[in-house]
Structures are given as structure tokens and as C-alpha cells.
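>
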Amino acid sequence: MSGVDPVRVLRDLRELATFGAYKTGVHRPTFSEVDMAARRWFVGKLEEAGLEARIDGIGSVFGRAPGSGPTILTGSHLESQNHAGWLDGPLGCIYGLEAARALGGGVDVAAWCDEEGHFGSFIGSRSFVGALPEDEIDRLANRYDGTPLRTALERVGLGQEPRIAFEPGRHKAYLEAHIEQGDTLESQDLKIGVVTAIVAIWQYRITASGEQNHAGTTSMTRRRDAGLALVRLLGEVDRRFPDVAGPRSVWTTGRITLEPGAASIIPGRAEMLFQLRDADPAVLDRMQAELHALVEVANRDGRCPIAIEVMGQSRPALMDEALQDAVEAAVAAKAPGLSLRMPSGAGHDAQYLARVMPSSMMFVPSIGGISHHWTENTSDADIALGAEVYCDAVARMLAT
Numbered sequence: 015m016s017g018v019d020p021v022r023v024l025r026d027l028r029e030l031a032t033f034g035a036y037k038t039g040v041h042r043p044t045f046s047e048v049d050m051a052a053r054r055w056f057v058g059k060l061e062e063a064g065l066e067a068r069i070d071g072i073g074s075v076f077g078r079a080p081g082s083g084p085t086i087l088t089g090s091h092l093e094s095q096n097h098a099g100w101l102d103g104p105l106g107c108i109y110g111l112e113a114a115r116a117l118g119g120g121v122d123v124a125a126w127c128d129e130e131g132h133f134g135s136f137i138g139s140r141s142f143v144g145a146l147p148e149d150e151i152d153r154l155a156n157r158y159d160g161t162p163l164r165t166a167l168e169r170v171g172l173g174q175e176p177r178i179a180f181e182p183g184r185h186k187a188y189l190e191a192h193i194e195q196g197d198t199l200e201s202q203d204l205k206i207g208v209v210t211a212i213v214a215i216w217q218y219r220i221t222a223s224g225e226q227n228h229a230g231t232t233s234m235t236r237r238r239d240a241g242l243a244l245v246r247l248l249g250e251v252d253r254r255f256p257d258v259a260g261p262r263s264v265w266t267t268g269r270i271t272l273e274p275g276a277a278s279i280i281p282g283r284a285e286m287l288f289q290l291r292d293a294d295p296a297v298l299d300r301m302q303a304e305l306h307a308l309v310e311v312a313n314r315d316g317r318c319p320i321a322i323e324v325m326g327q328s329r330p331a332l333m334d335e336a337l338q339d340a341v342e343a344a345v346a347a348k349a350p351g352l353s354l355r356m357p358s359g360a361g362h363d364a365q366y367l368a369r370v371m372p373s374s375m376m377f378v379p380s381i382g383g384i385s386h387h388w389t390e391n392t393s394d395a396d397i398a399l400g401a402e403v404y405c406d407a408v409a410r411m412l413a414t
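Each residue of the sequence shown is one higher than the one before, counting from 15 in our numbering.
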């Protein structure tokens, strides 16, 4: 091992952050001009490290180490959420690049496309593991401007490129590094999170049907206010869920829409996007059952019928225990006593890689627990220590 160079890691991260720089963060949407420039920059860095690198037909960057393997696959993603942070994704890509340089072989590096979901979440890693069929690519479009994915791929010159696919026997394991995006590590003065599982995300569209009417002339006794029906339901959710949820369960109402949405009109229809997250399927089942029970009560006692539509139900991804041990051993060598085994509350590409190979993740602290915002940050010292631990962990995985 030629040695990890923390100065080089920080320099690469800061150079990468110039592509789409926004305040102290970045704005680098998938397939934007700055995103493609960042991908080409990363290809050049991988080639400098001695890897054979290219951008494939779904937009993922893949750096292949010389030889037939077996190797450790590393990586994360390069695109950002809109007007967001500089480390969410790039940290894992640069750590993978540094492992390839420091170990001098045996490390493949990927920058998976569109983990952030501008077109369809995790299209790069899903493509790699065979979970993105051609007909889904035909259907996907940019959620912000409606551009079809096929059109976007053609515009950036990838329409005729083949997609890279998983090769059985090529990889011993996958290791992804990421900022925590929460405050668990920082609040306990710890430096490395050893991820045990990636939570499932269950998403719903919940609608209430009322009666649109005049806000000034319709008495309170005869109103059928769809917005009020959803607000009351949410109050019951917050009252009841703590009794059925797990210690790390979360639930979120990401959007509420009232129709027609005018100050002087009683909403005739209301819609909300609602989400549950946990790593335990039994807990998710309990929460879902309670949600349906609360809707049944609301429909029995209320004036506005409420309906639930399931939009998506991913499954939890367990991280390989032997790989967790390898990360833990690397922490013991570099920062003894400063690690914590913990689930990931956010989705990551590792959840799809886990379908085809032993997979693992490690976290470094996020200052203030902030992510998906341009103030997202991690101290230079924590980034440097994380690089040391990461490369040590990759070396241990290669040696087993």
C-alpha cells in the first residue's frame, strides 16, 4: 500500500465542488452541463490512477482495475440535489479513487448515475445489477422539466453507449462511504458509523374528497373541508405512531396540496405525500396497519372520504456482517473506540449492490446533521480520518 494522502483527497473534493458551485455547496443536476463535466473529470482522475475508465449508457462512471479480479468495488454518486451539498455522494467517489491509488490495484471505482432521483432514483446502480429494464428507461423522465430519459441520454452523447453490467466473480465485495446526513455521530463525539442496514422507504399518496364551496357563506356545520380532513388525520398519526413505531422509525408528510388552493374557497380535494422509513419489515407492517386503521376511523366518523394509494415500498438492505467487522477493525487501528454500528435512514446505492454481492457502508460525521442543503459540511479532519479508515477497510476486505 503506497499510502493514503489526505491532502490529495481534500484537494480532489474541492476541485470536484467547482463543477456547479453554489454558495458553499453545489447545484449539479443529473445530465446538466456541469454534471457531465464532473463525470468527464472523474474519468480522467481514474485513468491517472491506472484504471480503465468510461461513462456507460446510463451515465455511470466506471473505473476498472487491471486484471481479472477479484476486486473490491467502491463508489457512490456525483450529481447533487438542487442547490445542495458538496459531499453528498462525491465523498464516496473520491474515497474510492484514493483507495485505488493507495492500494495500487484490486479496486474498481464507480460513480453511479442519478442516485438523487432527477430522472428515477438509483438508475445507475439498478442498471448495473439488472434491475432497470429497457421499458422503464422508456418511461422515465426528469421530474422537474419532463425531459424523457432517452432524450437526455442522446443529448449528452450516451444514447448508443452500452450499459455496464455486474460480472459474477469480478468483485469480492462493495464498500460505499458517505456523510451521515444526520447528527448521531456528532452528538456522541464519534467519528465513523458502521452501517448495519439501509432502511426501506414506503411511500403513499393519501387523498381526501370534500366539497368545494364559498369560504364566507358556507356554515361550519355543513362544510366538507378536504384539507381539514387530512390535517386531522395527520394529528392522529402523530398521536398513535409512537406506540407502534421502532426506536429509529420516521414518518414524513413531504407535500400537502389543496384544490383549488385559494384563500376564499373551501378545498374540495386535498392530497398529501406520506412516507415511512425503518429497517425492520415488522415495524413497517405495524405502522402501515395503523395508518389504514386511522383512515378507517376517519372515514367512519368524518365527512370527507379518504383514500390511500401505495406509491412504492422498497425493502430493507442488510449490510454484510463480515464487512462490517472489517470496517470496525480499520476504525480500531486508526481511531479506536470512535465508531458506532447504526442503520442508514437514507437510501444509498449500496442497497442495490447488496442484491448481487456482499455490501457495506461507512459514515463520517455531518456538521450539525445538515444535508440536502448548501450548508452541508464535514470537517477536514473527519474527512481525512475517514479516508484513512476507508482505505484500511478496503485493504482488509481484499486480504480475506
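For glycine and all other residues, C-beta sits at the position ideal for the given N, C-alpha and C.
A quick note: this is a predicted structure, and the numbers were derived from the prediction, not measured.
State buried or exposed for residue 77, treating a residue as buried only when at least 16 other CB atoms are found within 10 Å of its CB.
Residue 77 should be labelled buried.
> What does the Cβ neighbour count give for residue 59, buried or exposed, with the cut at 16 atoms within 10 Å?
Buried, because 16 or more other Cβ atoms sit within 10 Å of the Cβ of residue 59.
> With a CB to CB cut of under 8 Å and the five nearest residues on each side skipped, what residues in its chain are close to residue 99?
The residues are 39, 40, 193, 384, 385, 386, 387, 388, 389, 390, 391.
> Measuring alpha carbon to alpha carbon, tell me which residue in 324, 25, 47 is nearest residue 104.
The shortest Cα separation from residue 104 among 324, 25, 47 belongs to 25.
> Return helix, strand or coil for residue 198, following the three-state DSSP convention.
If DSSP states are grouped into helix, strand and coil, residue 198 belongs with the helices.
> Leaving out five residues on either side along the sequence, give the residues of the same chain with a beta carbon under 7 Å from the beta carbon of residue 365.
Once the five neighbours on either side are set aside, the close Cβ partners of residue 365 are 212, 331.
> So, with DSSP's three-state summary, where would you put residue 391?
Residue 391: coil per DSSP, three-state reduction.
> Below 8 Å between beta carbons: does that hold for residue 146 and residue 73?
Cβ distance not < 8 Å, so residue 146 and residue 73 don't count as in contact.
> Kindly provide the ranges of any beta strand (DSSP E) runs that are 3 or more residues long and lie completely inside the segment 97-164, ordered along the chain.
The qualifying runs are 121-126.
> For the alpha helix (DSSP H) that residue 77 lies in, which residues bound it at each end?
Note, residue 77: premise wrong, no alpha helix (DSSP H); beta strand (DSSP E) at 75-78.
> Judging by CA-CA distance, which residue of 202, 306, 158, 102 is the nearest neighbour of residue 356?
Checked all of 202, 306, 158, 102; the closest Cα to residue 356 is 202.
> Is the segment 121-134 close to the segment 89-98, with three or more CB pairs under 8 Å?
Yes: the two stretches touch, three or more of their Cβ pairs being nearer than 8 Å.
> Between the beta-carbon of residue 110 and the beta-carbon of residue 121, is there less than 8 Å?
The answer is yes: Cβ separation under 8 Å.
> Roughly how many angstroms lie between the CA atoms of residue 328 and residue 136, to the nearest whole one?
Going from the Cα of residue 328 to the Cα of residue 136 covers about 12 Å.
> Assign residue 37 to one of two classes, buried (16 or more other C-beta atoms within 10 Å of its C-beta) or exposed (fewer than that).
That one is exposed.
> Give me the DSSP bridge partner(s) of residue 91.
Beta-bridge pairing links residue 91 to 126.
> With distance defined between alpha-carbon atoms, name the residue in 321, 183, 289, 403 nearest to residue 19.
Measuring from the Cα of residue 19, the nearest candidate turns out to be 403.
> Quick one: give me the first and last residue of the alpha helix (DSSP H) that residue 369 is part of.
Taken as a continuous stretch (DSSP letters only), residue 369 belongs to no alpha helix (DSSP H), as it is neither H nor E.
> Output the distance between the C-alpha atoms of residue 12 and residue 378, rounded to the nearest integer angstrom.
For residue 12 there is no data in the structure shown, the boundaries of the chain being 15 and 414.
> Does the beta-carbon distance from residue 90 to residue 190 come in below 8 Å?
Result yes, Cβ atoms of residue 90 and residue 190 sit closer than 8 Å.
> Taking 8 Å as the cut-off, decide whether the C-beta atoms of residue 408 and residue 113 are in contact.
It is a contact, given that the beta carbons lie within the stated cut-off.
> Would residue 375 pass as a contact of residue 209 if the rule is Cβ separation under 8 Å?
Against a cut-off of 8 Å, the Cβ pair of residue 209 and residue 375 comes out as a contact.
> Can you grab the Cα-Cα spacing for the pair residue 316 / residue 49, in whole Å?
The straight-line gap from Cα to Cα measures roughly 49 Å.
> Could you tell me whether the segment 266-275 touches the segment 232-251, using the rule of 3 or more Cβ pairs below 8 Å?
A contact exists between the segment 266-275 and the segment 232-251.
> Can at least three beta-carbon pairs, one atom from the segment 280-292 and one from the segment 215-225, be found at a separation below 8 Å?
Contact between the segment 280-292 and the segment 215-225 is present, because at least three Cβ pairs lie under 8 Å.
> Can you name the start and end residues of the alpha helix (DSSP H) that residue 259 belongs to?
Where residue 259 is concerned, there is no enclosing alpha helix (DSSP H), given that its DSSP letter is neither H nor E.
> Does the Cβ-Cβ distance between residue 399 and residue 349 come in under 8 Å?
Closer than 8 Å, so yes.
> At what residues does the beta strand (DSSP E) containing residue 415 begin and finish?
Because the chain in this structure spans residues 15 to 414, residue 415 falls outside the shown range and cannot be described.
> Would residue 142 count as contacting chain C if we go by Cβ distances under 8 Å?
Absent from the structure is chain C; it holds one protein chain and no more.
> Locate the alpha helix (DSSP H) running through residue 18, then write down its first and last residues.
Residue 18 -> no alpha helix (DSSP H), and no H or E assigned at all.
> Helix, strand or coil: how does DSSP classify residue 30 here?
Reduced to three states, the DSSP call for residue 30 is helix.
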